[in-house]
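Residue numbers (our numbering): 468 to 812. From the three backbone atoms N, C-alpha and C, an ideal C-beta is built for every residue, glycine too.
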Ligand SMILES: [Zn+2]
Ligand SMILES: [Zn+2]
């Protein structure tokens, strides 16, 4: 089969690989129909994710059709159309029993990281019964792909951890796919204000179309001052960090209101300053989380009910044999206006 393979920092190749087979009793092999590229894949290619070793097939998002299952799989059979979760979960270990699938002792974020991933014609999914979801009738394949990672990530790490509430004020620092997923799902709770902050005018235009009440272009003027001006000088109840950089985390510290929450979503590679000399008395909370995908069934229901339209985040489409062009477009998002790119297998 064809697959996109990581060859160490800066290196990747589209090449032939053996088709994966069922190895464990709980495995399923899925024929991939649609997959996508994540910002995390770019981090891997930069060498930021040492757990991902050269030779690994990349990709942790996608949907497809079950090709074969191990003898222990009871929830799926060949021919079933399925959503692949970015998080694999055994459902039994101490973390899974607490709903913390991201820390599953034999799973977690392993796809396209510690085991071969979805940017291929076929992928092996361990713990298939608790890591795949039946694809509901009537939901488009492309929309499903947005539920592998970015929607549960924006919702769980940003909206739920950030305690977004009716009438509250929210600022989302970073208007990329994850920040926009948080914007879409924050609206379940009818906040009074959702302020999107970015350096890219195109992404702020998209944010406005997707429901932002205000946008702040950090490239033109002081973003902190603009957020404070929009909130009567007090700041926001929820400040989400959706970039993964020290400066944007500190910006959240500067714009959170007394009693508010800083909800970190971003992947951080270096330390960020925490200004406890200002914040110790402000009754704020800071949360961190790796997505658990425990809300995937609920998000699927909102998509089925047309309360959420995740396909609005898709900007580009490529066939699998053009995946290197897709990486190029995705990695030059400022020039190409790319958000999520769909790879059709
Ligand atoms: Zn991802
Ligand atoms: Zn587990």
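For residue i, the residue or residues it bridges with in DSSP
{"i": "residue 525", "result": "DSSP output for residue 525 lists no bridge partner at all."}
{"i": "residue 681", "result": "662"}
{"i": "residue 811", "result": "501, 786"}
{"i": "residue 531", "result": "499, 549"}
{"i": "residue 601", "result": "549"}
{"i": "residue 538", "result": "Answer by DSSP bridge pairing: none, since residue 538 is not bridged."}
{"i": "residue 575", "result": "555"}
{"i": "residue 781", "result": "807"}
{"i": "residue 582", "result": "578"}
Helix, strand or coil at residue i [DSSP, three-state]
{"i": "residue 669", "result": "helix"}
{"i": "residue 752", "result": "strand"}
{"i": "residue 543", "result": "coil"}
{"i": "residue 877", "result": "Absent from the model: residue 877. The displayed extent of the chain is 468 to 812, so no value can be given."}
{"i": "residue 639", "result": "strand"}
{"i": "residue 450", "result": "Absent from the structure is residue 450, since the part of the chain shown begins at 468 and ends at 812."}
{"i": "residue 705", "result": "strand"}
{"i": "residue 564", "result": "helix"}
{"i": "residue 569", "result": "helix"}
{"i": "residue 774", "result": "coil"}
{"i": "residue 470", "result": "strand"}
{"i": "residue 632", "result": "coil"}
{"i": "residue 686", "result": "coil"}
{"i": "residue 591", "result": "strand"}
{"i": "residue 712", "result": "coil"}
{"i": "residue 657", "result": "coil"}
{"i": "residue 613", "result": "coil"}
{"i": "residue 676", "result": "helix"}
{"i": "residue 625", "result": "helix"}
Cβ shell of residue i (< 8 Å), same chain only, five flanking positions each side left out
{"i": "residue 544", "result": "533, 536"}
{"i": "residue 580", "result": "511, 516, 518, 519, 523, 527"}
{"i": "residue 792", "result": "785"}
{"i": "residue 678", "result": "650, 651, 654, 661"}
{"i": "residue 607", "result": "778"}
Neighbourhood of residue i by C-beta distance below 6 Å, restricted to the same chain and skipping five residues each side
{"i": "residue 669", "result": "804"}
{"i": "residue 631", "result": "637, 653, 656, 658, 705"}
{"i": "residue 586", "result": "471, 502, 525, 526"}
{"i": "residue 644", "result": "617, 780, 806, 807"}
{"i": "residue 591", "result": "487, 494, 496"}
{"i": "residue 621", "result": "645, 648, 649, 652"}
{"i": "residue 629", "result": "705, 707, 728, 730"}
{"i": "residue 558", "result": "597"}
7 Å CB neighbourhood of residue i in its chain, flanking five on each side removed
{"i": "residue 515", "result": "736"}
{"i": "residue 491", "result": "537, 593"}
{"i": "residue 674", "result": "642, 647, 650, 663, 682"}
{"i": "residue 763", "result": "552, 600, 614, 619"}
{"i": "residue 474", "result": "480, 521"}
So, does the stretch 738 to 755 touch the stretch 766 to 773, judging by three or more C-beta pairs under 8 Å? No: the two stretches stay apart, fewer than three of their Cβ pairs being nearer than 8 Å.
Contact the stretch 549 to 564 vs the stretch 597 to 614: 3+ CB pairs below 8 Å: A contact exists between the stretch 549 to 564 and the stretch 597 to 614.
To test your reading of the DSSP string, which unbroken beta strand (DSSP E) runs of 3 or more residues are found completely within the stretch 720 to 750? Fully enclosed beta strand (DSSP E) runs of no fewer than 3 residues occupy 723 to 731 of the stretch 720 to 750, in order along the chain.
Using 8 Å as the cut-off, can you tell me whether the stretch 665 to 679 makes contact with the stretch 691 to 699, which would need three or more C-beta pairs spanning the two stretches below that distance? Fewer than three Cβ pairs drawn from the stretch 665 to 679 and the stretch 691 to 699 lie within less than 8 Å of each other, which leaves the two stretches out of contact.
Say whether the stretch 479 to 493 touches the stretch 559 to 573, bearing in mind that this needs 3 or more beta-carbon pairs closer than 8 Å, one atom from each stretch. Look at the beta carbons and you see the stretch 479 to 493 not touching the stretch 559 to 573: under three pairs across the two are nearer than 8 Å.
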